[in-house]
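What follows is a single structure, written as structure tokens, with notes after it.
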DNA sequence: GCTTAATGTTTACAAACGTAGTCGTTTTAT
DNA sequence: ATAAAACGACTACGTTTGTAAACATTAAGC
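Chains as they are written, first to last, in the working numbering: chain P, 1 to 129; chain U, 1 to 129.
This is the structure in structure tokens:
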């Protein structure tokens, strides 16, 4: 019965991602605690959170540790790893793997604030050092 | 009855996106011509392409014009519009709408080539002008 | 002790997706 | 003229996702 290790093939869905964010913010958490942080925002019931947590565990993205008769859930993949993968996927899919066109597009579509620009300039200077 | 106009709710799926890329590259195209450009790369049959085209038409992302007994397909949404939306979605979902953290992340994860850096610097200078 | 509240597990079910086959019709080649 | 090829429409079917209810077990309050 091949215990499912999470490969890159096991994508985290959008709803699941909301749960992950809660766990990245603070963990470990019980299902009810996760619900406290995401249910109202997403208009979900506790049942939904339980399903999402189960699926995340099945995908190997979340681990559990028993705590009395309940479980505490904690992320097994790091947020950085996740957003890195997602970002790369997008850049690959839409911009042929080149980040510059993405940047150009964000710039052009006003998606960059003055703060963003300054921050990016600072990053560039930093990298040039 | 209710002819489905494409709202932002009608997302283009990943497989559908491949078809869109072909049409953005050149259009209008017949189904067979689309297949010529995407079938081998994705290991699809012509039937798959036909389904994807139908769904895209249903979503209002692609329009048709009759050409003899067949149809010619042409994109109704522009590539810029699409990639802009997708980019914004990602930035919103993963970086709270701020582009700088995305940039930082790409930089940190080696996803930026020297060419990218130079191009981005050039863009910044351009914007500063 | 017995009822109730909390929890994980199982089951449900519609919509979206990936992938493709079948059917009916029309065009084209022989 | 007839058979084969091409084409869109319809149907199919397993998987993933979103969303949740039902169920079984157990802890806790009365």
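Glycine included, C-beta positions come from ideal geometry on N, C-alpha and C.
Can you list the residues of chain P that residue i reaches, using a CB-CB cut of under 8 Å?
i                      : result
residue 121 of chain U : 124
In whole angstroms, what is the alpha-carbon distance linking residue i and residue j?
i                      : j                      : result
residue 66 of chain P  : residue 72 of chain P  : 6 Å
residue 23 of chain U  : residue 49 of chain P  : 40 Å
residue 3 of chain P   : residue 56 of chain P  : A caution first: residue 3 of chain P carries a pLDDT of 46, below 50, which makes its placement in the model too unreliable to give a value.
residue 35 of chain U  : residue 42 of chain U  : 10 Å
residue 132 of chain U : residue 103 of chain U : What is shown of chain U runs 1 to 129, which leaves residue 132 of chain U out entirely.
residue 112 of chain U : residue 79 of chain P  : 20 Å
residue 21 of chain P  : residue 27 of chain P  : 10 Å
residue 88 of chain P  : residue 96 of chain U  : 17 Å
residue 123 of chain P : residue 53 of chain U  : 43 Å
residue 11 of chain P  : residue 129 of chain P : 37 Å
residue 69 of chain P  : residue 75 of chain P  : 20 Å
residue 14 of chain U  : residue 37 of chain U  : 16 Å
residue 25 of chain U  : residue 18 of chain P  : 35 Å
residue 29 of chain U  : residue 51 of chain U  : 15 Å
residue 121 of chain U : residue 127 of chain P : 12 Å
residue 31 of chain U  : residue 81 of chain U  : 23 Å
Can you give me the start and stop residues for the alpha helix (DSSP H) that residue i sits inside?
i                      : result
residue 101 of chain U : 99-108
residue 40 of chain P  : 31-42
residue 67 of chain P  : Counting along the chain, residue 67 of chain P falls outside any alpha helix (DSSP H), though it belongs to the beta strand (DSSP E) covering 62-67.
residue 13 of chain P  : Neither: residue 13 of chain P is in no alpha helix (DSSP H) and is coded neither H nor E.
residue 119 of chain P : 114-128
residue 58 of chain P  : 46-58
For residue i versus residue j, is the C-beta spacing smaller than 8 Å?
i                     : j                      : result
residue 45 of chain P : residue 84 of chain U  : no
residue 90 of chain U : residue 119 of chain P : no
residue 61 of chain U : residue 77 of chain U  : yes
residue 99 of chain P : residue 106 of chain U : yes
Looking at the secondary structure, which residues open and close the beta strand (DSSP E) in which residue i lies?
i                     : result
residue 77 of chain U : Counting along the chain, residue 77 of chain U falls outside any beta strand (DSSP E), and DSSP gives it neither H nor E.
Give the interface partners of residue i over in chain U, defined as CB-CB distance under 7 Å, in chain order.
i                      : result
residue 116 of chain P : 98, 99, 100
Quick one: list the residues of chain U neighbouring residue i, beta-carbon separation under 9 Å, in chain order.
i                      : result
residue 127 of chain P : 107, 112, 117
Original post:
Of all the residues that make up the segment 84-108 of chain U, which are near chain P by a beta-carbon distance shorter than 8 Å?
Top reply: 84, 86, 87, 88, 90, 91, 93, 94, 95, 98, 99, 100, 102, 103, 104, 105, 106, 107
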